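Chains as they are written, first to last, in this note's numbering: chain D, 1 to 314; chain W, 315 to 628.
Next comes the structure, spelled out in structure tokens:
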């Protein structure tokens, strides 16, 4: 089959990659999304070797569960061992022996076929298009915030960033919250949030400092992390959605003096994400930039660096 | 009066320092404690100028509240403006316009006299000695952990550090919790925790990794901060009690992937600390190393660097 393979240093399009192993559901990929994590992984992050890609919608072609065959599905990317305490607690995504689609010890979605355990799959309603369904995985990560935290409906919330993830986060938070400010760097991207009734700002003013109950970091940059400590009020909460590795000296004194709570936040629940797309509570149509074939992978990756969401059609 | 003055670069003993301003309770200092923060401040941390010291027990000599005069007291170190939302919420210690005894814009306790607002003072019961009462402020900081977090009684807890603060933290946590391990570097200090029934360890073994529900950082070192991410289990909680400033590249990826919650934790409630000393729920007698006069300040500071608790008698 055709597949985008990463050998640890460079990517290449293979045309004769072996089909996924049996013993799991075999899924024909209909559409996949390029995520910031994919771009980071190509830089060598996580020292992954294999087929990239973890955002996808597909069709089940083989499965022990006959009810799934022919169904359009999306899939949770963490596959737990099924034996440990985390798996027993329903937290397969924290299983110490897990594999992760296109990220850790499991071939991913930038291919014609992938495999996943049946229990990872969620059927997509007909009212949700393929283009929308590709957003379920990152949208679930946005829903994870309120899975972890109880945020009051009138809480003053700051979202840092205006890229893919930040756009999804403001769309999810606005369902239950009215006082949201999105801090970004790109006027045209911030305008997309403005259209949804979100307040937007380029740059932090003195009045913003230490005034937010909840601050969500979705820039993935060290400066974004430093800004969280500037914006959160004493005893406030900071949600870390993007991974941070500081290059410089990082001083946490402000966070400790102000008794800030930092919450690391990652993959989230698929059901509310699918539901939100099906009901229209969250719209993602304006976020799709372009669709490329696997053959035009190089071009697609260049586009993904600057655009909000670039899709791949195997 | 006699006072230990820090001019921003060096400390000196003044014999003719003016007495504290009026309009607040005037307190004759009976005994003061040297804290790690004092030692850091002498290095220029927080760019403070004035009399050092914030751990003390004293006797009220002047006050508008006649009931306080002659009483033995300890004092909360944060003095709020009394006008802002934080003060209205009873969180004077987070007031943006606060002064802090011996730390920020308010002369401290390494002197014959100090002043504080009446509402900051707590009368000490006769059953608590001066030497014990000096521990109320740092002990309150240890009680702050359970003020901020609800920790299950059977939670698996790690305390990192074996110095002053860590010793107080294990003493407080053992009141309600049975499964505590103290990770330190000094056998003789860890032995003090062992005597209280705390498990102790020098060094982290593979079996310890990602196995603790709650990890309390009280080393004040960058390596201690990195160890928290190694010890906390996925979805676990890390309490940051000592201020951290990393010198090297700091990678928070593990914390985000494992969805760790970090809680900055600082000053705490005085009442449970006084109560614990009065009832004997917490004993601090073994932590006191030596008592120096203000005249022997230099010697006292050298001792404080290596000892658990050094006291000053004005």
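From the three backbone atoms N, C-alpha and C, an ideal C-beta is built for every residue, glycine too.
Bear in mind that the values here come from a model prediction, so they are computed numbers and not experimental data.
Is residue i close to chain W, meaning its C-beta is less than 7 angstroms from at least one C-beta of that chain?
i: residue 188 of chain D; result: no
i: residue 54 of chain D; result: no
i: residue 206 of chain D; result: no
i: residue 39 of chain D; result: no
i: residue 121 of chain D; result: no
i: residue 240 of chain D; result: yes
Have a look at residue i and residue j and give me their C-alpha separation to the nearest angstrom.
i: residue 263 of chain W; j: residue 575 of chain W; result: This structure cannot speak to residue 263 of chain W, because chain W is shown only from 315 to 628.
i: residue 451 of chain W; j: residue 183 of chain D; result: 39 angstroms
i: residue 150 of chain D; j: residue 213 of chain D; result: 12 angstroms
i: residue 446 of chain W; j: residue 512 of chain W; result: 22 angstroms
i: residue 339 of chain W; j: residue 427 of chain W; result: 10 angstroms
i: residue 126 of chain D; j: residue 210 of chain D; result: 45 angstroms
i: residue 129 of chain D; j: residue 489 of chain W; result: 57 angstroms
i: residue 264 of chain D; j: residue 503 of chain W; result: 33 angstroms
i: residue 414 of chain W; j: residue 268 of chain D; result: 42 angstroms
i: residue 222 of chain D; j: residue 244 of chain D; result: 6 angstroms
i: residue 2 of chain D; j: residue 29 of chain D; result: 11 angstroms
i: residue 331 of chain W; j: residue 586 of chain W; result: 35 angstroms
i: residue 424 of chain W; j: residue 627 of chain W; result: 9 angstroms
i: residue 239 of chain D; j: residue 266 of chain D; result: 10 angstroms
i: residue 326 of chain W; j: residue 320 of chain W; result: 7 angstroms
i: residue 701 of chain W; j: residue 159 of chain D; result: With chain W covering only 315 through 628, there is no way to say anything about residue 701 of chain W.
i: residue 22 of chain D; j: residue 306 of chain D; result: 37 angstroms
i: residue 534 of chain W; j: residue 237 of chain D; result: 22 angstroms
i: residue 249 of chain D; j: residue 516 of chain W; result: 28 angstroms
i: residue 168 of chain D; j: residue 155 of chain D; result: 19 angstroms
i: residue 287 of chain D; j: residue 161 of chain D; result: 15 angstroms
i: residue 252 of chain D; j: residue 377 of chain W; result: 39 angstroms
i: residue 471 of chain W; j: residue 412 of chain W; result: 33 angstroms
i: residue 31 of chain D; j: residue 242 of chain D; result: 24 angstroms
i: residue 270 of chain D; j: residue 353 of chain W; result: 51 angstroms
i: residue 187 of chain D; j: residue 195 of chain D; result: 12 angstroms
i: residue 349 of chain W; j: residue 623 of chain W; result: 8 angstroms
i: residue 610 of chain W; j: residue 449 of chain W; result: 21 angstroms
i: residue 33 of chain D; j: residue 347 of chain W; result: 60 angstroms
i: residue 538 of chain W; j: residue 529 of chain W; result: 10 angstroms
i: residue 289 of chain W; j: residue 612 of chain W; result: Look at the range of chain W in this structure, 315 to 628, and you will see that residue 289 of chain W is not part of it.
i: residue 570 of chain W; j: residue 217 of chain D; result: 11 angstroms
Can you find the residues in the same chain that come closer than 7 angstroms, C-beta to C-beta, to residue i, ignoring five residues on each side of it along the sequence?
i: residue 518 of chain W; result: 497, 541, 544, 545
i: residue 326 of chain D; result: Past the boundaries of the shown model lies residue 326 of chain D; chain D is included only from 1 to 314, so the question cannot be answered.
i: residue 124 of chain D; result: 57, 72, 73, 74, 133, 274
i: residue 148 of chain D; result: 263, 265
i: residue 382 of chain W; result: 339, 374, 432, 435
Can you name, in chain order, every residue of its own chain whose Cβ lies under 6 angstroms from the Cβ of residue i, other than the five neighbours on each side?
i: residue 41 of chain D; result: 48
i: residue 507 of chain W; result: 484, 496, 514
i: residue 549 of chain W; result: 573
i: residue 409 of chain W; result: 394, 395, 398, 400, 401
i: residue 93 of chain D; result: 78, 267
i: residue 15 of chain D; result: 2
i: residue 50 of chain D; result: 107
i: residue 254 of chain D; result: 229
Below 8 angstroms CB to CB, which residues in the same chain sit around residue i once its five sequence neighbours on both sides are set aside?
i: residue 153 of chain D; result: 176, 177, 178
i: residue 44 of chain D; result: 8, 9
i: residue 486 of chain W; result: 453, 456, 457, 459, 460, 590, 596
i: residue 103 of chain D; result: 37, 41, 46, 48, 54, 77
Answer yes or no: the CB of residue i versus the heavy atoms of the ligand FMN, is any distance below 6 angstroms?
i: residue 214 of chain D; result: The ligand FMN is not part of the structure shown, which contains no ligands of any sort.
Are the stretch 592-610 of chain W and the stretch 276-292 of chain D in contact at 8 angstroms, needing three or more beta carbon pairs?
no
What residues in the stretch 242-273 of chain D bring their beta carbon closer than 7 angstroms to a beta carbon of chain W?
243, 244, 245, 246, 247, 249, 250, 251, 252, 253, 255, 256, 257, 258, 259, 260, 261, 262, 263, 264, 265, 266
For the stretch 395-421 of chain W, enumerate the residues whose C-beta is nearer than 8 angstroms to any C-beta of chain D, in chain order.
400, 405, 408, 410
Relative to chain W, which residues along the stretch 219-236 of chain D have a C-beta separation below 7 angstroms, given in chain order?
234, 235
At least 3 beta-carbon pairs within less than 8 angstroms: the stretch 70-79 of chain D vs the stretch 51-61 of chain D:
yes
Does the stretch 393-407 of chain W come close enough to the stretch 286-294 of chain D to have 3 or more Cβ pairs within less than 8 angstroms?
no
Taking any Cβ of chain D, which residues in the stretch 484-499 of chain W have a Cβ under 9 angstroms from it, in chain order?
none
Counting only Cβ-Cβ distances shorter than 9 angstroms, please list the residues of the stretch 457-472 of chain W near chain D, keeping chain order.
458, 462
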